[in-house]
Each structure stands twice: as C-alpha cells, then as structure tokens.
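Engineer: Attaching a single structure in structure tokens format; questions to follow.
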Amino acid sequence: MPYVIHYDLAKTEKEYVHRSGRTGRMGKKGTVISFVNERETRTLKQYLKEMNQTGELVRFYKGKLMSGAAPKKK
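The following block contains the structure:
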C-alpha cells in the first residue's frame, strides 16, 4: 500500500508502528498520514521522536490546509 491513513491515533507507539507498517513494504516507499487534534499532536511527535522519524505538520484552518505554526488568535 502506498498510504496508511490514521483517523484515530494509536494508544501506544507499538500499535502506531504496527498500523503504519502496512505501507512501504518490500523496499518500497510509503506515506503515513495521521489526523490528530491539538491534544494528540504532542503524542504523535513523541512517537516520531522515539522512532527517529520526522513528520510534516499540516493544519486544517477555516477549510484550508496550512503548513507550519497555528495562526495567531486575535
């Protein structure tokens, strides 16, 4: 499978790795997309750190996808 999409973040890093392992098998590259809320962002970052992986944070704001930091609140 070229993609694995997480709609619900795994409760443990081991479970996250297991689910994500469905992509990129047999030497092929794959992409994992994880939809998380503000609270889950910290957990996902910790999973990635423990796996020596990086990720790109893309936020959904007012109907648009935005890279980088969250917009400042007025």
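Quick note: the sequence shown, position 70, residue 70 per UniProt numbering, numbers continuous.
Virtual Cβ for every residue (Gly too), placed ideally from N, Cα, C.
What residue does the alpha helix (DSSP H) around Lys14 start on, and which one ends it?
Structural biologist: Glu13 to Ser20 is the span of the alpha helix (DSSP H), which, as asked, contains Lys14.
Engineer: Do you know offhand how far Met26's Cα is from Thr41's?
Structural biologist: The alpha-carbon atoms of Met26 and Thr41 are separated by roughly 30 Å.
Engineer: Could you tell me if Tyr16 is buried or exposed, where buried requires 16 or more neighbouring beta carbons within 10 angstroms of its beta carbon?
Structural biologist: Buried, because 16 or more other Cβ atoms sit within 10 Å of the Cβ of Tyr16.
Engineer: Which residues in the same chain as Gly55 place their Cβ atom closer than 6 Å to its Cβ, once the five residues preceding and following it in sequence are excluded?
Structural biologist: So the qualifying residues of the chain are Leu48.
Engineer: Under the criterion of a Cβ to heavy atom distance below 8 Å, does Val32 qualify as lining the ligand GTP?
Structural biologist: Judged by which ligands are present, the structure shown has none, so any question about the ligand GTP falls away.
Engineer: Just list the alpha helix (DSSP H) runs in the UniProt domain "Helicase C-terminal" (1 to 66), keeping only unbroken ones of 4 residues or longer that don't cross its boundaries, in chain order.
Structural biologist: Runs found: 13 to 20 and 38 to 50.
Engineer: Judging by CA-CA distance, which residue of Tyr3, Lys11, Phe60 and Tyr61 is the nearest neighbour of Lys28?
Structural biologist: Cα-wise, what sits closest to Lys28 is Tyr3.
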